[in-house]
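>
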Amino acid sequence: CERLKKQLEEGVDIRKTEFTEQEQGFIYYYNLISLKKRLLILNKNDATPAGLENQTLEMLRKGETNILVFDGKLELEMSELPSEDRESFKKDMGIEYFSSELIQRESLKLLDYITFFTVGEDECRSWPVKMGSNARTSAGKIHSDLEKGFIRAEVVHCDDLIRLGAMAEVKKQNLLRLEGGEYIVKDGDIMHVRFNL
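Counting from 1 along the sequence shown, just add 19 to a position and that's the residue number in our numbering.
(1) Do the region 148-155 and the region 191-208 make contact, defined as three or more Cβ pairs closer than 8 Å?
(2) Exposed or buried, what is Ser145 when buried is set at 16 or more other beta-carbons lying within 10 Å of its beta-carbon?
(3) Smallest Cα separation from Ile181: which of Asp208, Arg171, Lys160, Leu165?
(4) Less than 9 Å between CB atoms is the rule here; does Glu103 satisfy it with respect to chain C?
(5) Is the distance from the Cβ of His211 to the Cβ of Ala172 below 9 Å?
(6) With Asp104 as the anchor, note down where its beta strand (DSSP E) starts and where it stops.
(7) How long is the line joining the alpha carbons of Ile60 and Glu115, rounded to whole angstroms?
(8) Report all residues from its chain with a CB closer than 6 Å to the CB of Arg105; omit the five preceding and five following residues, and keep chain order.
(9) Rounded to whole angstroms, what's the CA-CA distance from Thr36 to Asp206? Just pull it up for me.
(10) Measuring CA to CA, which of Gly139, Glu142, Val148 is closest to Asp131?
(11) Tell me whether the beta-carbon of Thr134 lies closer than 9 Å to the beta-carbon of Leu127.
(12) Give the DSSP bridge partners of Met210, in chain order.
(13) Could you check the C-alpha separation between Glu94 and Asp111 for me, to the nearest Å?
(14) With a floor of 3 residues, list each beta strand (DSSP E) that falls wholly inside the region 118-200, ordered by position along the chain.
(15) Put Ser46 into one of helix, strand or coil per three-state DSSP.
(16) Considering just the uninterrupted stretch of the alpha helix (DSSP H) at Leu59, what are its terminal residues?
(17) If we ignore side chains and look at the alpha-carbon of each, how far apart do Thr216 and Asp164 end up?
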């Protein structure tokens, strides 16, 4: 505690401090804000003085802060457009994701989570799981019975389904794989779990 107190008083970023396993266990219970991962969200606009944004970003990057920059005014204007115009405008402006999507993605990444999907005829759901989770454990996020009776998972990446437009096309292109329980789920995987109880 004395060492951390001294570092904090000196303005040292204690997230860069190396701790022994014993110290990590001790510090864990204090739940220090100074050790939390950070995500800074900057709303830029036309009134931002030239160079200020770059200076701010450079300063923050040295502190290893994850940073997202977006134009809130532009996104507000786009949100008021009809959905078909919104997608076209978004593409014309070179915007891949809206800030809300980016914030969600970056937050999950900071917490070492990925997202996999289940897709049905009438519903598509996303499921966050810890990075490195296997198929059996991930199936348990959907329902505990799926984990208990797990046999195999049919897996395809969402990019392939989006590109081809239909699951029938995915199967025709032989992109649907059968994976066992120890398969490490990847961010963006679509899983259909086969199980038996």
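Don't be surprised by glycine CBs; every beta carbon is placed ideally from N, CA and C.
According to the structure shown:
(1) Taking a contact to require three or more Cβ pairs closer than 8 Å, the region 148-155 and the region 191-208 qualify as touching.
(2) When all chains shown are included, Ser145 counts as exposed.
(3) Among Asp208, Arg171, Lys160, Leu165, the Cα nearest to that of Ile181 is on Asp208.
(4) Included in the structure is just one protein chain, with no chain C present.
(5) The answer is yes: Cβ separation under 9 Å.
(6) Here Asp104 belongs to no beta strand (DSSP E); instead the alpha helix (DSSP H) covers 102-111.
(7) Computed Cα separation, rounded: 17 Å.
(8) Cβ within range, chain order: Met97.
(9) If I take the Cα positions, the gap works out to 30 Å.
(10) Of the residues Gly139, Glu142, Val148, the one whose Cα lies closest to the Cα of Asp131 is Val148.
(11) Closer than 9 Å, so yes.
(12) BP columns for Met210 point to Val174.
(13) Glu94 and Asp111: Cα-Cα distance of roughly 13 Å.
(14) The qualifying runs are 132-138, 143-149, 169-176, 196-198.
(15) Here residue 46 is Ile; the residue named in the question, Ser, does not match the sequence. DSSP places Ile46 in helix when its eight states are reduced to three.
(16) Premise fails: Leu59 lies in the beta strand (DSSP E), 58-62, not in any alpha helix (DSSP H).
(17) It is worth fixing the name first, because residue 216 is Leu in this sequence and not Thr. Answer to the nearest angstrom: the Cα atoms are 7 Å apart.
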